[in-house]
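Last residue of the sequence shown: 968 in our numbering, with the numbers rising by one and none dropped.
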Amino acid sequence: MTAVTVSPAEQRDHSAWRQLFTAYGKFYGVELGGAELDRAWEWIHDPARSTQCLIARTVDGTPIGLAHYRAEDSPLSGTRGFLDDLFVDPAHRGSGVVDALFAELGRVAATEGWPNVRWRTAEDNYRARAAYDRHGTKTAFLTYSMDAAGN
């Protein structure tokens, strides 16, 4: 098991975060250009937005994983957490990094007063799903997507 620390993203993490987030996009077949990367980084550091980023680091401070999360308001159940993205450098998978990220996300949820945190993943993302099964319960809800009018 790799010794890992997890804390909010800092400006010094920008370059490593870009590499991690770009690799995450590639995993899902999404090419992230400079504009998309800049937008996401700005959101993370904009106090008017709820998007946050946790960075998992090795003992020497090298970023090896990320988790983007935010508050999600639900008229039916109140405010809860939502995990948008989670990625661990492939060289560090299976070493407890994802567990450390979820532990910190759970601490954040408790601090924020969220009753739970939800997330989505691809049906065929079996390795991640094995980790997710350790940290959460699969819900009965399916996700749909509708394009904006005119698209």
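Here a beta-carbon is modelled for each residue, glycine too, at the ideal position from N, C-alpha and C.
Check	Outcome
Boundaries (first-last residue) of the alpha helix (DSSP H) holding residue 834	831-844
Unbroken beta strand (DSSP E) run spanning residue 889, endpoints	880-891
Among 893, 854, 849 and 914, nearest to residue 821 - alpha-carbon criterion	914
Delimiting residues of the beta strand (DSSP E) encompassing residue 873	869-875
Status (buried if at least 16 other CB within 10 Å, exposed otherwise) for residue 847	exposed
Backbone CA spacing between residue 849 and residue 829 [nearest angstrom]	20 Å
Own chain residues within Cβ distance below 7 Å of residue 842, not counting five before or after	848 and 849
Distance, residue 911 Cα to residue 966 Cα	43 Å
Per-residue burial, residue 869 [other beta carbons within 10 Å of its own, 16 or more giving buried]	buried
Beta-carbon proximity of residue 803 to residue 884, cut-off 7 Å	This structure does not reach residue 803, given that the chain is present from 818 up to 968, and the question cannot be answered.
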